[in-house]
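*Asks:*
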Amino acid sequence: MYAALLLMTLAVWALLWFPRPLPGVTRAPPLLIGHRGVRGGLPENSVAAFERALEAGLDGLETDVQCALGGEIVLVHDTALPDGRKVAELHPDDLEAAIPTLATLGELFAVARRYPGVLINLELKTQSWRTQGLERRTVHAVRASGLAGQTLISSFNPLSLLRVRLRAPELRVALLYAPDGPRGLRSNASALLWARLLHCDALHPHHSLVTPALVRAAARARVPLNVWTVNVAERVGELVRLNVNGLMADDPEALQDAVGHAGSR
Numbered sequence: 001m002y003a004a005l006l007l008m009t010l011a012v013w014a015l016l017w018f019p020r021p022l023p024g025v026t027r028a029p030p031l032l033i034g035h036r037g038v039r040g041g042l043p044e045n046s047v048a049a050f051e052r053a054l055e056a057g058l059d060g061l062e063t064d065v066q067c068a069l070g071g072e073i074v075l076v077h078d079t080a081l082p083d084g085r086k087v088a089e090l091h092p093d094d095l096e097a098a099i100p101t102l103a104t105l106g107e108l109f110a111v112a113r114r115y116p117g118v119l120i121n122l123e124l125k126t127q128s129w130r131t132q133g134l135e136r137r138t139v140h141a142v143r144a145s146g147l148a149g150q151t152l153i154s155s156f157n158p159l160s161l162l163r164v165r166l167r168a169p170e171l172r173v174a175l176l177y178a179p180d181g182p183r184g185l186r187s188n189a190s191a192l193l194w195a196r197l198l199h200c201d202a203l204h205p206h207h208s209l210v211t212p213a214l215v216r217a218a219a220r221a222r223v224p225l226n227v228w229t230v231n232v233a234e235r236v237g238e239l240v241r242l243n244v245n246g247l248m249a250d251d252p253e254a255l256q257d258a259v260g261h262a263g264s265r
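1 is the number of the first residue of the sequence shown in UniProt numbering; add one for each residue after it.
(1) Less than 8 Å between the C-beta atoms of Gln150 and Cys67, yes or no?
(2) Asn243 to Leu75, Cα distance in whole Å?
(3) Just to confirm the assignment: which complete alpha helix (DSSP H) runs, minimum length 4, are found wholly within the segment 52 to 140?
(4) Who are the near neighbours of Val164 in its chain, counting only those whose CB is closer than 7 Å to its CB and skipping five residues on each side?
(5) Should Asp201 be labelled buried (16 or more other beta-carbon atoms within 10 Å of its own) or exposed?
(6) Tell me which residues share the same chain as Pro252 and place their Cβ nearer than 8 Å to its Cβ, disregarding the 5 neighbours each side in the sequence.
(7) Return the first residue and the last residue of the alpha helix (DSSP H) that Arg172 is part of.
(8) As a quick exercise: from Thr229, Ala213 and Leu214, pick the residue whose alpha carbon is nearest that of His206.
(9) Within its chain, find whatever has a CB closer than 8 Å to the CB of Val227; leave out the 5 residues flanking it on each side and keep chain order.
(10) How about Leu223 and Ala195: do their beta carbons lie closer than 8 Å?
(11) From the DSSP output, read off the bridge partner residues of Val227.
(12) Residues in its own chain within less than 6 Å of Ala168 by CB, not counting five upstream and five downstream?
(13) Just reading off the beta strand (DSSP E) that Gly34 is part of, what are its end residues?
(14) How should Asp64 be labelled, buried or exposed, when 16 other C-beta atoms within 10 angstroms of its C-beta is the threshold for buried?
(15) Once the 5 residues before and after Ala262 are set aside, which same chain residues still bring their CB inside 6 Å of it?
(16) Let me know the secondary structure DSSP gives Ala168 once reduced to three states.
(17) Give a yes or no on whether the C-beta atoms belonging to Ala233 and Ala213 are separated by under 8 Å.
(18) Closer than 6 Å by C-beta to Trp17: which residues in its own chain qualify, once you throw out the five before and the five after it? Chain order, please.
(19) Quick one: does Asp78 have its CB under 8 Å from some CB of chain B?
(20) Who pairs with Phe203 in a beta bridge, going by DSSP?
(21) Specify the secondary structure class of Leu152 as computed by DSSP and reduced to three states.
(22) Can you grab the Cα-Cα spacing for the pair Leu193 / Ala97, in whole Å?
(23) With distance defined between alpha-carbon atoms, name the residue in Ile99, Gly70 and Gly60 nearest to Asp78.
(24) Check the C-beta distance from Leu108 over to Leu102 and give it rounded, since I have them as a contact under 8 Å.
(25) For Gly40 versus Asp250, is the C-beta distance shorter than 8 Å?
(26) So what's Asn188 in DSSP terms, helix, strand or just coil?
(27) Assuming Leu42 contacts Asn121 (C-beta within less than 8 Å), just tell me the rounded distance between them.
(28) Have a look at Ala80 and Arg143 and give me their C-alpha separation to the nearest angstrom.
Right, here's the structure in full:
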């Protein structure tokens with residue numbers, strides 16, 4: 001009886017999924033998003049990389065957030081440094097010594113404020129049940145920044161997105177997935193199911209998983225597709241013609257050129 005009631009509750013909850021428009025979006029897709037700001041020529045996830053992406057005219061930034069020792073949020077992609085030391089076990093001062101261009105969330109927000117309406121995509125780097133309060137700290141920082149309306153929080157970890165959802169229902173969340181991602185989250189079907197259960201506002205698939213069938217399914221669900229990381233012009237053109245909602249890439253100028261060549265602008 002209880003199992004049947006639970007299943008019925010989940011079914012009703014899933015039917016109430018109404019993805020909200022992406023934050024800060026004021027024009028037609030595809031949105032062009034700088035992956036870690038930019039990569040190549042400048043250190044990724046650095047203030048300089050964020051500034052370069054927005055100066056180039058991109059619509060948004062994607063960056064990685066995780067907690068250093070003591071809970072301070074730092075913008076670093078890998079969970080460990082090249083020498084094997086874990087970011088979570090290092091004091092921010094030690095991290096800055098290893099990564100001189102280390103940026104904080106406050107510095108990212110300071111850059112974003114100079115570009116009204118820019119999309120800020122924060123990827124929570126969580127790989128386990130315990131996350132040092134990353135979700136709570138990120139929510140607090142976003143709310144304090146005054147940029148909640150421009151922020152989209154993404155993760156490969158459904159539990160992290162659930163925590164954000166429960167703590168800050170006003171914030172948009174997006175589910176990341178890839179063929180080599182977490183078990184149970186490697187296909188379009190599983191991602192759509194998780195997105196429905198979590199009431200995600202966007203899906204962020206690896207570009208290799210994007211097919212016409214996925215685009216049709218996402219359109220039926222009215223959930224935007226922001227695709228990563230697309231650095232080959234031919235693939236950019238294919239995705240533009242499929243009418244995906246957003247494209248993430250490492251090189252802003254190359255992305256703009258490829259989209260322009262595809263005839264989207």
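Using N, Cα and C, we set each Cβ at its ideal position, and we do this for glycine too.
*Replies:* Put simply:
(1) As a position in the sequence shown, residue 150 is number 150, starting the count at 1. As a position in the sequence shown, residue 67 is number 67, starting the count at 1. No, these two residues do not count as a Cβ contact at 8 Å.
(2) Taking the sequence shown and counting its residues from 1, one reaches residue 243 at position 243. Taking the sequence shown and counting its residues from 1, one reaches residue 75 at position 75. Distance between the alpha carbons of Asn243 and Leu75: 31 Å.
(3) Listed in chain order, they are 92 to 98 and 105 to 112.
(4) Against the sequence shown, residue 164 aligns to sequence position 164. Closer than 7 Å at Cβ, skipping near neighbours: Glu135, Val139, Ile153, Leu171 and Val173.
(5) Numbered from its first residue, the sequence shown carries residue 201 at position 201. Buried is the call here.
(6) Residue numbering aside, residue 252 sits at position 252 when the sequence shown is read from its first letter. Result list for Pro252: Leu32, Gly34, Val38, Arg52, Ala53, Ala56, Gly57 and Leu58, in chain order.
(7) On the sequence shown, residue 172 is found 172 positions in, with the first residue counted as 1. Counting along the chain, Arg172 falls outside any alpha helix (DSSP H), though it belongs to the beta strand (DSSP E) covering Arg172 to Tyr177.
(8) Within the sequence shown, the letter at position 206 stands for residue 206. It is Thr229.
(9) Here residue 227 is taken as the residue at index 227 of the sequence shown, counted from 1. Cβ within range, chain order: His204, Pro205, His206, His207, Val210, Leu239, Val244, Gly246, Leu247 and Met248.
(10) Locating residue 223 in the sequence shown gives position 223, counting from the first residue. Locating residue 195 in the sequence shown gives position 195, counting from the first residue. For clarity, residue 223 is Val in the given sequence; the question names Leu instead. Yes, these two residues count as a Cβ contact at 8 Å.
(11) The count along the sequence shown starts at 1 and reaches residue 227 at position 227. As a beta-bridge residue in DSSP terms, Val227 pairs with Leu247.
(12) Here the question's residue 168 lines up with position 168 in the sequence shown. Closer than 6 Å at the Cβ level, and outside the excluded window around Ala168, lie Val139.
(13) The count along the sequence shown starts at 1 and reaches residue 34 at position 34. First-last of the beta strand (DSSP E) with Gly34: Leu31 to His35.
(14) By one-based count along the sequence shown, residue 64 stands at place 64. Asp64 comes out buried.
(15) Sequence index remark: in the sequence shown, residue 262 carries index 262 (1-based). So the qualifying residues of the chain are Gly237 and Val240.
(16) Indexing the sequence shown from 1 puts residue 168 at position 168. Judged by DSSP in its simplified three-state form, Ala168 adopts coil rather than helix or strand.
(17) Taking the sequence shown and counting its residues from 1, the one referred to as residue 233 is at position 233. Taking the sequence shown and counting its residues from 1, the one referred to as residue 213 is at position 213. Cβ distance not < 8 Å, so Ala233 and Ala213 don't count as in contact.
(18) Here residue 17 is taken as the residue at index 17 of the sequence shown, counted from 1. Closer than 6 Å at Cβ, skipping near neighbours: Arg196 and His199.
(19) The chain inventory of the structure shown lacks chain B, comprising one protein chain alone.
(20) As a first step, residue 203 is located in the sequence shown; it is residue number 203 there, counting from the start. Here the sequence assigns Leu to residue 203, which means Phe is not the residue at that position. DSSP, once it has assigned bridges, lists Leu175 and Leu225 as partnering Leu203.
(21) Numbered from its first residue, the sequence shown carries residue 152 at position 152. Leu152 falls in the strand class under three-state DSSP.
(22) As a position in the sequence shown, residue 193 is number 193, starting the count at 1. As a position in the sequence shown, residue 97 is number 97, starting the count at 1. For Leu193 and Ala97, the distance between alpha carbons rounds to 43 Å.
(23) Translated into positions along the sequence shown, residue 78 becomes position 78. Comparing Cα positions, the closest option is Ile99.
(24) The residue labelled residue 108 in the question sits at position 108 within the sequence shown. The residue labelled residue 102 in the question sits at position 102 within the sequence shown. The pair is not a contact, with the Cβ atoms about 12 Å apart (cut-off 8 Å).
(25) Translated into the one-based positions of the sequence shown, residue 40 becomes position 40. Translated into the one-based positions of the sequence shown, residue 250 becomes position 250. Cβ distance < 8 Å, so Gly40 and Asp250 count as in contact.
(26) Translated into the one-based positions of the sequence shown, residue 188 becomes position 188. Three-state DSSP puts Asn188 in a helix.
(27) Here residue 42 refers to the residue found at position 42 when the sequence shown is read from its first residue. Here residue 121 refers to the residue found at position 121 when the sequence shown is read from its first residue. Not confirmed; about 18 Å, so no contact.
(28) Position 80 of the sequence shown holds residue 80. Position 143 of the sequence shown holds residue 143. The alpha-carbon atoms of Ala80 and Arg143 are separated by roughly 28 Å.
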